[in-house]
Amino acid sequence: MTLKKLIGALVGIGVLGALGYGVGVAIDLNQHYPDNTDVLSGKALSDKIARGEYVAIASDCVACHTSDSHKPFAGGYKIDTPFGPILSSNITADKETGIGNWSKGQFDAAVRHGKGSHGFLYPAMPYPAYSTLTDSDLDDLWAYMQTIAPVHNKVIENQLSFPYNQRWLLGGWNLLFFHGAPFTPTASLSAQLNRGAYLVNGPGHCAACHTAKNIFGGDVSNAMQGTTLQGWHAPDLTTNAHVGLGHWSEQDVVDYLHNGSNRFTVASGPMAEAVENSTQHMTPEDLAAIAAYLKTRPASTPSVPAALANDSATMHAGKLIYDTQCAACHLSSGAGVRNMIPTLAKNPQLNAADPASLLTVILNGSDGAVTTGNPTAARMPRFDWKLSDQQIAQVTTYIRNSWGNAAPEVKADKVAHARKAIAAQAH
Ligand code: HEC
Ligand code: HEC
Ligand code: HEC
Numbered sequence: 000m001t002l003k004k005l006i007g008a009l010v011g012i013g014v015l016g017a018l019g020y021g022v023g024v025a026i027d028l029n030q031h032y033p034d035n036t037d038v039l040s041g042k043a044l045s046d047k048i049a050r051g052e053y054v055a056i057a058s059d060c061v062a063c064h065t066s067d068s069h070k071p072f073a074g075g076y077k078i079d080t081p082f083g084p085i086l087s088s089n090i091t092a093d094k095e096t097g098i099g100n101w102s103k104g105q106f107d108a109a110v111r112h113g114k115g116s117h118g119f120l121y122p123a124m125p126y127p128a129y130s131t132l133t134d135s136d137l138d139d140l141w142a143y144m145q146t147i148a149p150v151h152n153k154v155i156e157n158q159l160s161f162p163y164n165q166r167w168l169l170g171g172w173n174l175l176f177f178h179g180a181p182f183t184p185t186a187s188l189s190a191q192l193n194r195g196a197y198l199v200n201g202p203g204h205c206a207a208c209h210t211a212k213n214i215f216g217g218d219v220s221n222a223m224q225g226t227t228l229q230g231w232h233a234p235d236l237t238t239n240a241h242v243g244l245g246h247w248s249e250q251d252v253v254d255y256l257h258n259g260s261n262r263f264t265v266a267s268g269p270m271a272e273a274v275e276n277s278t279q280h281m282t283p284e285d286l287a288a289i290a291a292y293l294k295t296r297p298a299s300t301p302s303v304p305a306a307l308a309n310d311s312a313t314m315h316a317g318k319l320i321y322d323t324q325c326a327a328c329h330l331s332s333g334a335g336v337r338n339m340i341p342t343l344a345k346n347p348q349l350n351a352a353d354p355a356s357l358l359t360v361i362l363n364g365s366d367g368a369v370t371t372g373n374p375t376a377a378r379m380p381r382f383d384w385k386l387s388d389q390q391i392a393q394v395t396t397y398i399r400n401s402w403g404n405a406a407p408e409v410k411a412d413k414v415a416h417a418r419k420a421i422a423a424q425a426h
């Protein structure tokens, strides 16, 4: 057989395989799901709905499914993925454009199995995490979702270009990266640690932002060791002392998730939103469980670089900028102001190899999380109009290599790149 014929045969087998697979998927998607919702009324029903609302809060469904704050859950919120934009679905109880006509089985298929009304869902909907939801949480969540006021809003979710717009390809993705099953507690762990593991890996879908993705958008094996999304670096959440939560006590984690700030830092960007919509509304017991679980995660082991020498020209120039532009708020010791202005000293975000968050905050300014626990968040001013790429590179390098911090030098072209990306996002 010549090489060309061989390739032809392989392509043929591939096409047949894909067709067969497509048929299998179609049958699977058209399964009949029985509507086995309990018939409850009165207090039993209102309690169930309240529990379901709590599951929705812990899962932060509203964050992605709302684009107009007056129409919660009506969808249309755009999520930029490396493959193009995907819009979130309308999940209000509207019968025509939402999920008002769905059965619980259909809802379960979408939330825990990644199969929606148009076929396989893109994992921009975090069903890999939600697949661990317990049956009772899923059941309560469904009871709550049916109470969401219907909003007529037609959304075209799939706005990707060929071949990424082919939903059946996600069948292959699922085979490779989706290993979902409802949460089962580990017998050797305490009830609190099991609850923490459940919240972090299930409803809280913390790994959706804090775990790096491979080129296909699947999770890498280094879980919760930090990654960068749309100009923000979601830090390492293991107990690594340099780039992770090694210096944070369990109470520091609880304070951060409850108030959006703690004695070290203030949540900004996507984490400020997660705190505002989700974690600040969680019970103290659940936040303690999350903190206890995170503090049991073994430290990641990236190599810690040596800090740049204080006497380099870059460090001198950076110090000058810091003393005149930043020290009034962050203090010359880098200590900041408790619960208001982040400590820059020994700050995991500053030590992260990727300076994305720092550049976004310095160029664009940032509002800290506004929560019931800390209603008057301070603002970090923007410096894009005031400092050149070179100056921002110098001051960022300086703060990343002072007061016990150590991280690679930031070059001016990196700042120029971040500046362009931020300007493009604003349009
Ligand atoms: C990180 C963003 C994000 C979060 C959080 C999120 N979703 Fe989604 N969801 C999406 C996106 C994007 C889609 C559309 C995906 C697609 O069409 O492939 C979607 C689709 C869905 C669908 C399928 C609708 C259909 O017509 O097929 C349902 C149901 C749904 N989400 C429910 C929920 C619930 C319930 C929660 C909370 C437990 C939730 N989502 C949390 C982003 C999110
Ligand atoms: C939508 C993306 C997203 C989700 C979901 C998310 N995070 Fe974050 N998280 C971030 C980003 C981005 C930061 C950095 C914020 C900053 O620099 O102020 C962050 C920061 C943090 C920090 C502070 C770390 C430090 O060193 O400063 C903690 C703790 C944290 N997240 C915990 C969690 C937990 C627990 C969950 C799940 C319940 C979670 N996050 C879910 C994006 C996310
Ligand atoms: C007017 C007071 C003020 C000044 C001046 C100021 N900052 Fe900030 N900075 C803040 C506040 C408040 C925050 C927290 C905002 C947030 O989290 O959204 C912050 C956040 C930061 C962060 C993020 C820290 C983290 O843990 O995520 C960095 C980095 C930072 N500032 C660096 C600088 C640099 C460099 C300068 C000077 C060029 C500067 N700041 C000047 C108030 C200030």
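Using numbering that gives the first Met the number 0, you'd call the opening residue of the sequence shown number 0 and step up by one each time.
Ideal Cβ placement from N, Cα and C applies to all residues, glycine included.
As the structure is a computational prediction, the values presented were derived from the model and not from experiment.
If you compare alpha carbons, which of the options is closest to residue i?
| i | options | result |
| --- | --- | --- |
| Gln393 | Ile421, Ile361, Lys294 and Ala420 | Ile361 |
| His329 | Leu319, Leu236 and Ala344 | Ala344 |
| Ala273 | Pro84, Ser45, Leu159 and Ser58 | Ser58 |
| Arg262 | Ala334, His416, Ala298 and Ala316 | Ala334 |
| His64 | Tyr76, Val54 and Leu174 | Tyr76 |
| Leu168 | Phe215, Leu39, Pro84 and Ser88 | Phe215 |
| Ala123 | Leu137, Asp136, Arg166 and Asp134 | Arg166 |
| Thr185 | Asn193, Gly179 and Phe161 | Asn193 |
| Ala275 | Ala62, Thr237 and Pro84 | For clarity, residue 275 is Glu in the given sequence; the question names Ala instead. Comparing Cα-Cα distances from Glu275 to each of Ala62, Thr237 and Pro84, the minimum goes to Ala62. |
| Pro162 | Ser187, Thr313, Ser189 and Gly83 | Gly83 |
| Phe382 | Val252, Cys325 and Lys419 | Cys325 |
| Asn506 | Gln191, Ala190 and Gly118 | There is no way to answer for residue 506, as the model of the chain reaches only from 0 to 426. |
| His69 | Asp46, Ile147 and Tyr121 | Ile147 |
| Pro407 | Ala352, Tyr255, Ala423 and Gly171 | Ala352 |
| Gly171 | Leu120, Ser187 and Asp138 | Leu120 |
| Trp247 | Ala180, Ala298 and Ser267 | Ala298 |
| Leu137 | Thr80, Ser102, Ser116 and Ala312 | Ser102 |
| Cys208 | Gly268, His178 and Ala180 | Gly268 |
Keeping to the same chain, check which residues put their C-beta closer than 7 Å to that of residue i; ignore five residues upstream and five downstream.
| i | result |
| --- | --- |
| Gly434 | Here the chain comprises residues numbered 0 to 426, so residue 434 is not present and cannot be evaluated. |
| Asn373 | Asn258, Gly259, Ser260 and Asn338 |
| Val303 | His241 and Ala405 |
| Lys385 | none |
| Phe182 | Thr131, Thr133, Tyr197 and Gly201 |
| Ile421 | Gly230, Thr359, Leu362 and Asn363 |
Residue i and residue j look like a contact to me (Cβ under 8 Å); what is the Cβ gap, rounded to whole Å?
| i | j | result |
| --- | --- | --- |
| Asn157 | Ala73 | Actually they are not in contact, since the Cβ atoms of Asn157 and Ala73 sit about 18 Å apart, beyond 8 Å. |
| Val449 | Leu132 | Absent from the model: residue 449. The displayed extent of the chain is 0 to 426, so no value can be given. |
| Gly367 | Ala377 | 6 Å |
| Gln390 | Ile320 | 6 Å |
| Thr264 | Thr323 | The pair is not a contact, with the Cβ atoms about 23 Å apart (cut-off 8 Å). |
| Gly195 | Ala288 | 4 Å |
| Tyr397 | Met314 | 6 Å |
| Arg296 | Thr237 | 5 Å |
| Leu159 | Ile85 | 7 Å |
| Ile78 | Ser87 | 7 Å |
Between residue i and the rest of its own chain, which residues show a CB-CB distance below 8 Å, the 5 nearest in sequence each way excluded?
| i | result |
| --- | --- |
| Ala355 | Thr227, Gly230, Trp231, His232 and Ala417 |
| His204 | Ser58, Asp59, Pro125, Ala128 and Tyr129 |
| Thr502 | Outside the displayed span of the chain (0 to 426) sits residue 502, for which this structure offers no information. |
| Thr300 | Asn239 |
| Asp218 | Pro127, Phe176, Ala206, Thr210, Ala211 and Lys212 |
| Leu286 | Val252, Val253, Leu256, His257 and Thr278 |
Once you ignore the five residues that flank residue i on each side, which residues in its own chain have a CB closer than 6 Å to its CB?
| i | result |
| --- | --- |
| Tyr129 | Val110 and Arg111 |
| Ala266 | Gly259, Val274 and Ala368 |
| Asp235 | Gln224, Gly225, Val242, Gly243 and Ser299 |
Using a Cβ-Cβ distance under 7 Å, would residue i count as near chain C?
| i | result |
| --- | --- |
| Ile289 | Within the model displayed, chain C is absent; a lone protein chain is all it includes. |
Please determine if the segment 242-249 and the segment 344-359 are in contact, where contact requires at least 3 C-beta pairs separated by less than 8 Å.
-> yes
contact_flag[the segment 138-153, the segment 49-65] where n(CB pairs < 8 Å) is 3 or more = yes
Check whether the segment 290-300 touches the segment 191-202, counting contact only when three or more Cβ pairs, one atom from each stretch, lie closer than 8 Å.
-> yes
For the 8 Å Cβ check, are there 3 or more pairs between the segment 272-283 and the segment 304-319?
-> no
Does the count of Cβ pairs from the segment 212-223 and the segment 404-415 closer than 8 Å reach three?
-> no
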